[in-house]
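Taking it in order: structure first as structure tokens, then the write-up.
Number of protein chains: 4
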Amino acid sequence: MRAAVAGASGYAGGELLRLLLGHPRFEIGALTAGSSAGSKLGEHQPHLPALADRVVEETSPAALAGHDVVFLALPHGQSAAVAAELGEGTLVVDCGADFRLESAADWADFYGGEHAGTWPYGLPELPGQRARLRAARRIAVPGCYPTAATLALFPAFASGLAEPDVVVVAASGTSGAGRAPKPHLLGSEVMGSVAAYGVGGVHRHTPEITQNLSGVAGRPVRVSFTPTLAPMSRGILATCTAPAVPGLTAAALREAYETAVKDEPFLRLLPPGAWPATAMTVGANTAVLQVALDERAGRIVAVIAIDNLTKGTAGGAIQSANLALGLPEELGLPLNGVAP
Amino acid sequence: MRAAVAGASGYAGGELLRLLLGHPRFEIGALTAGSSAGSKLGEHQPHLPALADRVVEETSPAALAGHDVVFLALPHGQSAAVAAELGEGTLVVDCGADFRLESAADWADFYGGEHAGTWPYGLPELPGQRARLRAARRIAVPGCYPTAATLALFPAFASGLAEPDVVVVAASGTSGAGRAPKPHLLGSEVMGSVAAYGVGGVHRHTPEITQNLSGVAGRPVRVSFTPTLAPMSRGILATCTAPAVPGLTAAALREAYETAVKDEPFLRLLPPGAWPATAMTVGANTAVLQVALDERAGRIVAVIAIDNLTKGTAGGAIQSANLALGLPEELGLPLNGVAP
Amino acid sequence: MRAAVAGASGYAGGELLRLLLGHPRFEIGALTAGSSAGSKLGEHQPHLPALADRVVEETSPAALAGHDVVFLALPHGQSAAVAAELGEGTLVVDCGADFRLESAADWADFYGGEHAGTWPYGLPELPGQRARLRAARRIAVPGCYPTAATLALFPAFASGLAEPDVVVVAASGTSGAGRAPKPHLLGSEVMGSVAAYGVGGVHRHTPEITQNLSGVAGRPVRVSFTPTLAPMSRGILATCTAPAVPGLTAAALREAYETAVKDEPFLRLLPPGAWPATAMTVGANTAVLQVALDERAGRIVAVIAIDNLTKGTAGGAIQSANLALGLPEELGLPLNGVAP
Amino acid sequence: MRAAVAGASGYAGGELLRLLLGHPRFEIGALTAGSSAGSKLGEHQPHLPALADRVVEETSPAALAGHDVVFLALPHGQSAAVAAELGEGTLVVDCGADFRLESAADWADFYGGEHAGTWPYGLPELPGQRARLRAARRIAVPGCYPTAATLALFPAFASGLAEPDVVVVAASGTSGAGRAPKPHLLGSEVMGSVAAYGVGGVHRHTPEITQNLSGVAGRPVRVSFTPTLAPMSRGILATCTAPAVPGLTAAALREAYETAVKDEPFLRLLPPGAWPATAMTVGANTAVLQVALDERAGRIVAVIAIDNLTKGTAGGAIQSANLALGLPEELGLPLNGVAP
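Residue numbers (full-length UniProt numbering), protein chains in the order written: chain A, 1 to 340; chain B, 1 to 340; chain C, 1 to 340; chain D, 1 to 340.
Pasting the structure below:
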């Protein structure tokens, strides 16, 4: 099958290409981008010598036509126009935000402008979602923080063990902020520093986390979400807490999580006593979880580590594409990471 | 005045010495340590050439006698015996945990063994605490995380704006874990990785945060505290949230924080729109704060950055010592940090 | 084919396992170690969930018997005894130093004790070496620095363009120093710091670089080698210079390098104007090179980036093992890295 | 005395301000900049709360007039025009390159355009230079790499122990590349990576190193200089080698270095067996050195660590300004660094 990548010179695009190079069923077709069109991919992704001499084309429907699957890693607001030109014969997997939210009001509040619509949400681990993705021709890949927070807490909400008053504090590597050079993303600024941003519920991933957890809980869930920027290139560590229902025991909580991850190829619940670190997931599509019951505070505390570019973006995209294309879900996706 | 430092070869000891070297009223007397006794300080603190040829003595009452102030930066459980040998004529400032907790039950639960007692708590910014410290001859320096969490939330609780259901998630640099070599603290392990530890309310700083906030609130406060280890040597960024009381407005919240920091020499509330980063505080005794009201989630979110070794340990120790010795509180303490 | 790894709980062992998991012809047999015998591999290599429940055995000839290939990642001095018990039917690939040096005098000078002997040197890119490795049953994997320095300069010496007065200065990630906890390897020490060590030609890799380049040049080459420790987990960047022969032109130098890398699967000479960075090689078996002629200084300057654990240790080991086992040299080895 | 800083929003400007805030004899006057004129300094230097509310003015002769000393931290080519408007009554200390080189031909080769001239070179440690600086009204602050390389090797050349064929390889933190956002300086690119740049003698600091060492040696010295970018914000570690003269002994080399640093307030030769790390110098004006004789290679190897922003720029500037203003050379300059 032929796969195209739009946005090939960015970080999400580069990760898509790295994974596609290791995928046994995909041949890499068109590589497109905006301002870097006309240059060689090697200038932008020097870690991918296999594609160093490929020329980046201008992103356009013509360039993306004729592929079995097109992965879009474009700035917000550009995916709808591109997808409209690609027929239903092409699977379109959008790593951007345009089609993630169900609520037009949320879209207006957090992104502004007109809501483009809602596509099947590319998180196979969500209860019931795998079947939907098998039939999908358009997929909205989740945001990186929502992937982390949802995977950390869905077992608690799906089993009715948590009250709907969630607090999520997450640390992300800088690649999540993209490749456009901005002063606060300079190495001199980020090294040796953890920084807050988007505090007070204003980060755009907030309504997406709320949507996911409310869907699982079957009732509205309130979410306080605070992202922070950590001095590393890759990885998200999210600490996710919710009040425990009365009478919850640590054993029952553990059992709910064990059940939830049992058949999931990319969810790994650590043995008791071990705790997630982002280093466990670098370059892997694996999410590493642990959960505890804090009896004094009356809270469930779930901690999760993912690679924001792999499970959090490109790996998640390919996992869903595998499903939609009738391939084994795990195909071509690394389970093991690169450490130390 | 002559100051001695016990534990001079560790990170807290090194920071005490760095600050004492820049303090106009202290002369550095005895430097003592355990296993590194007999070696030159330059082997342990090569960033302090001014003391490179000083020989480290064995920690003992004899070595520490005859000083106006003795700073203890010793492993837990060692301070009581040392302090007992130093008369009331000597100000003893303990950077360890032994005398921080008021509750013997908390001590037993979190540290084990017998409770040594309670000394005046070295956080001058706590309402009413400054006066107590001016009269103190023994001071228990707060833990680094409790310093951060308490300074972030005391304005909300002191003004009755927060409900007593706190969630704190904090990222710390590795120096907070000390200098004893352990596998998980190796550079290869910590670089490029944020890691969870002490999840579920089991970290020893939890009862101390609870004690402080409950004291300010005048009623029991529940605290869910999760520390994480970030890939940096210094700094703590703590995200601290609590439910807002009904009807709270962003303006009232801001005003409460502005009032709380107004006369505090080392608390800096950032202008609206700016958010704390640990890089703003490296080597400084300054705590940088910001606060937001998340109306959707109904929560106050306060974020604070401190240098765990300066305001979080050694700087806080000297700030309290200044008070107890009748010196200006700010004397010798850097307000400005080293960045980038 | 069945492969065993001795030293499975260390960094080199972990990288061998990561690569073997992705190799289509190897099945992973025994995993052995010293002090961590009896524990599960997941405790030591949490990034390898595929092997998390495998139990680590004690390193012994019995545990390692019955494999097609045994990879040794043991402390210096232990390989000889283990290899002696494994018959010629087993390919033994030693990642340690014991069998790298040809000169017993060099061994005595730099390592001390008795010289164990010399095995075929596992650097297929060395002129003539590939054929020797195809026939080998014992292979000495090069040191990480010698891999870098030799690959950077062999094109110049093989083509007679350089005078034998080499200066190599290299920066290495901390994983090269191993996993045993030592104070100077703590994250608090290495983050934010580049440090010198082994200055003045005393590093044990010095005679190995000298041996390699002298062999290529066909005459004695003098080597001044200085390693430094950089704040990253993986990677070596080596700057390697030698005086240019009189009359050398930049074009002739470039041509010699292009010729040298032309048929090499894992050597990549960057296009003119681009320079190596270790980030280009993380997790890949690729060496990235560039070369310049400094006419004012009369020197060739070759710069190379490798991943010390992949091409510099485990990848190089598997590359040579592929040759000795009659497999395609590139089989199972990643060409593309993980970035950013 | 009143000091103005032009370029106050950049990294060099921020470090000048940090040091001036701690200097007992300077009052901070005008703060000027280019595109950030009109904003508050706190937006650019949030680590300096003491100046947070100061407004940045547009750089102009009028704004800079009326100060005892003006520090220029401007892009290349802008200093001459500004300095021309400031009379001899004002000491002008230029942290840029415009007035460092003696040779107009070197300027044309490495910078292009017309040579602005030559000012007294602000490296007091150079033999004979201290006296010149005491009489100066215009000072050209050395580049950061030339500061490191010159301080590392001047003892060898001044005492006739080295042959004039120098190789310098240096690793710098990213702050040396300035604050203008460029893709290769993004945190995502620089963390976890050491990168080469300016290879082959093309870096603009090459002729400056050559000029300094040739001046000390009294004959032309050839210099091969390779800079690299390391994943840290601050610091330079330079490995500097030159052939030893015949018959040189390690003892004679050590003695030459001990003599050279004996009366220098900011040069620290480590005891035998210890080696420089940039962490020893963060925020300090101290240069930490060590030297070895590599008898096999016939080379002197000197290694030096400095903070590129302190001794390498702002601290060096103030050190020279102290001399020119008749103040004690060490006044207000930190000898001790911030570590870990």
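Idealized CB from N, CA, C, for every residue including glycine.
This structure is a prediction, so every number in the text was calculated from the model and none was measured.
Taking Phe-225/A as reference, the option from Arg-234/A, Ala-171/A, Gly-176/A and Arg-179/A with the minimal CA-CA separation is Ala-171/A. Among the residues of chain A, those whose CB is under 8 Å from the CB of Ser-175/C are Pro-340, following chain order. In terms of beta-carbon proximity, Pro-231/C lines the interface with chain D, with at least one pair separated by less than 8 Å.
Closer than 8 Å to the CB of Thr-118/B there is not a single CB belonging to chain D. Here Thr-286/D really is in contact with Leu-335/D; their C-beta atoms are around 6 Å apart, less than 8 Å. Below 8 Å, enough C-beta pairs join the stretch 295 to 307 of chain C and the stretch 273 to 283 of chain C to call them touching: three or more. What Gly-283/A touches in chain C, judged by beta-carbon distance under 7 Å, is Gly-283 and Val-338, going in chain order. The alpha-carbon of Pro-207/B is positioned some 11 Å away from that of Gly-143/B. Taking C-beta separations shorter than 6 Å and ignoring five residues to either side along the sequence, the partners of Val-92/D in its chain run Val-70, Ala-83, Leu-86 and Arg-138, following chain order. At a cut-off of 8 Å, the C-beta of Pro-227/A has no neighbouring C-beta in chain D.
In the DSSP assignment, no residue is bridged to Leu-17/B. The CB of Gly-298/A comes closer than 9 Å to the CB of Asp-165, Arg-222 and Ser-224 in chain B, given here in chain order.
By alpha-carbon distance to Gly-187/A, the top candidate from Thr-174/D, Ala-30/D, Gly-198/D and Ser-193/D is Thr-174/D. DSSP places Tyr-121/D within a strand segment (E or B) once states are collapsed to three. At a Cβ-Cβ threshold of 8 Å, Met-1/A and Arg-25/A count as neighbours. Close to Leu-293/B, with beta-carbon spacing below 8 Å, are these residues of chain A in chain order: Gly-200.
Within the model, the alpha-carbon separation for Leu-269/C versus Glu-163/C is close to 22 Å. Counting only runs of 3+ residues, the beta strand (DSSP E) found wholly inside the stretch 219 to 275 of chain D occupies 222 to 229, 236 to 243 and 267 to 269, in chain order. Around the beta carbon of His-76/B, a 10 Å sphere encloses fewer than 16 other beta carbons of the protein chains shown; the residue is thus reported as exposed.
Annotation for Thr-206/C: the continuous alpha helix (DSSP H) segment containing it runs 206 to 217. Within the stretch 296 to 320 of chain D, the complete beta strand (DSSP E) runs of at least 3 residues fall at 299 to 306. About 22 Å separates the CB atoms of Ala-80/C and Val-56/C; that is not less than 8 Å, and the two are not in contact. For Tyr-145/C, no Cβ of chain B is located within less than 8 Å of the residue's own Cβ. Look at Phe-71/A here: in three-state DSSP terms it is strand.
Using a Cβ distance threshold of 8 Å, Ser-320/D and Leu-133/D count as a contacting pair. Counted as a single uninterrupted DSSP element, the alpha helix (DSSP H) harbouring Glu-85/B occupies residues 79 to 85.
One finds Ala-196, Val-199, Thr-226 and Thr-228 in chain C with Cβ atoms closer than 9 Å to the Cβ of Val-303/D, taken in chain order. It is roughly 19 Å from the alpha-carbon of Pro-120/A to the alpha-carbon of Arg-204/A.
Interface criterion met: the Cβ of Trp-275/A is under 8 Å from a Cβ in chain B. Rounded to the nearest angstrom, the gap between the Cα atoms of His-184/A and Leu-323/C is 48 Å.
By the Cβ rule, the stretch 58 to 66 of chain D does not count as touching the stretch 101 to 120 of chain D, because fewer than three pairs are nearer than 8 Å. A Cβ of chain C is located within less than 8 Å of the beta carbon of Tyr-11/B. With its beta carbon at least 8 Å from every one in chain C, His-115/A lies outside the interface.
In this structure, Leu-333/A is the residue among Val-245/A, Gly-201/A and Leu-333/A with its C-alpha nearest to the C-alpha of Phe-266/A. Interface annotation, Arg-179/A: in contact with chain D, CB-CB separation under 8 Å. By the rule that beta-carbons nearer than 8 Å mark a contact, Lys-311/B does not touch chain C.
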